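Numbering (my numbering), first residue to last: 1468 to 1714.
The beta-carbon is built from N, C-alpha and C at its ideal position, and this holds for glycine as well.
Since this is a predicted model, take the numbers as computed values, not measurements.
Let me begin by presenting the structure, written as C-alpha cells, before commenting on it.
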Ligand SMILES: NC(=O)c1ccc[n+]([C@@H]2O[C@H](COP(=O)([O-])OP(=O)(O)OC[C@H]3O[C@@H](n4cnc5c(N)ncnc54)[C@H](OP(=O)(O)O)[C@@H]3O)[C@@H](O)[C@H]2O)c1
C-alpha cells in the first residue's frame, strides 16, 4: 500500500481499466466508476483477489448526467477517507460527417467528453479545496491539436477539455492542487478498433504504465507516448486543409 487514492471515470474498460490495474499494483486505493456496474464488479473482484487488503470502491456513474456527479464522487471520497487524484477519463467517439449523420450523436460526444469531464473536475476541485490538496488529471487526445474530418465533435471535445484544464491549472495556481492533461495517440481499445488506420499504436497495458508514470510525476501536460506525438503535434496544427481533408 502507498496510502494514495485515485478516482477514475470510465474505469470499466480500455485505458481507465488498464490504469486501475497498473495503479492497484502500485498500491493505490481505487474508486472506479462507469455506467456498466457489472464490469466494475468483475474488476473489483479481480483486484481484490490479486491484491488482498487493497481498498477498491465502485459506483455506477454516467458522466453525462452532470447533476449527479458531485454526490457520487463525494460518497466515494468518504468511503476512501480522502482522494489524492480525480481522473476525468470517461469518453466516447462518434465518426460521421456533420450534416450527414444524426446531430444528437455529435451532441452526445460533447455532453460526455466536455460537460461530463467538466462536472467531474468541478467536483474534484470542490473536494480538494475542502481537504486542502489534490491532483486533477484528464484524458484529452492528440485529436485536440487539429480538427479531423468525420470527427469534428470528438476533436472539438478534446480541444475544449485541454483548454479547460489549462485554465484550471492557472485558477488553482496558488493552491495545493496539481493539474495534468494527457494527450494519448492511438492506444489499442474499443474506442478505435473499427478505424482503418491507427498509426504508432501501442497496447493498453503499455499506455497505462506511461500514464501512471506521468501522473506520479505530476507532469503538466504530455502526449502518450511522448514520441513521436510530441513532434507531430505542432506539425498537425500546420498541415494544409487539403491534406487534412484526405484523412
Ligand atoms: N484509446 C485511445 O487511443 C485514445 C486516444 C486518445 C484519447 N482517448 C480517450 O481516452 C478515454 C478512454 O477511452 P478508451 O480508449 O479507454 O475507450 P473505451 O475502451 O471505449 O472506454 C471508454 C470508457 O468510458 C466509459 N464511458 C463512456 N461513456 C460514459 C459515460 N457517459 N459515463 C461514464 N462512463 C462512460 C466506458 O464505460 P461504460 O460504457 O461502462 O460507461 C468505458 O469505461 C476517452 O476519453 C478517450 O477519448 C483514447
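Buried versus exposed, by CB contacts within 10 Å (16 or more), residue i
i: residue 1640; result: exposed
i: residue 1694; result: exposed
i: residue 1657; result: exposed
i: residue 1719; result: As displayed, the chain neither begins before 1468 nor continues past 1714, which places residue 1719 out of reach and without an answer.
i: residue 1618; result: buried
i: residue 1663; result: exposed
i: residue 1508; result: exposed
i: residue 1708; result: exposed
i: residue 1710; result: exposed
i: residue 1554; result: buried
Given residue i as reference, the closest of the options once Cα atoms are compared
i: residue 1469; options: 1491, 1499 and 1713; result: 1491
i: residue 1667; options: 1651, 1522, 1682 and 1658; result: 1651
i: residue 1595; options: 1540, 1583, 1623 and 1624; result: 1540
i: residue 1683; options: 1527, 1665, 1604 and 1557; result: 1604
i: residue 1643; options: 1506, 1538, 1507 and 1602; result: 1602
i: residue 1686; options: 1636, 1705 and 1659; result: 1636
i: residue 1556; options: 1485, 1548 and 1504; result: 1485
i: residue 1692; options: 1677, 1698 and 1587; result: 1677
i: residue 1588; options: 1634, 1514, 1520 and 1517; result: 1634
i: residue 1713; options: 1502, 1503, 1615 and 1697; result: 1615
Beta-carbon proximity of residue i to residue j, cut-off 7 Å
i: residue 1620; j: residue 1576; result: yes
i: residue 1545; j: residue 1528; result: no
i: residue 1496; j: residue 1522; result: yes
i: residue 1474; j: residue 1543; result: yes
N- and C-terminal bounds of the alpha helix (DSSP H) containing residue i
i: residue 1703; result: 1696-1705
i: residue 1592; result: 1584-1598
i: residue 1576; result: 1570-1577
i: residue 1688; result: Per DSSP, residue 1688 belongs to no alpha helix (DSSP H); it is in the beta strand (DSSP E), 1688-1691.
* Asked: Counting only runs that start and end within the region 1503-1528, where is the alpha helix (DSSP H) found for 4 or more residues in a row?
  -> Those alpha helix (DSSP H) runs which fall completely within the region 1503-1528 and span 4+ residues are 1504-1517.
* Would you list, in sequence order, the uninterrupted alpha helix (DSSP H) runs of no fewer than 4 residues that lie entirely inside the region 1590-1668? => Counting only runs of 4 or more, we get 1619-1638.
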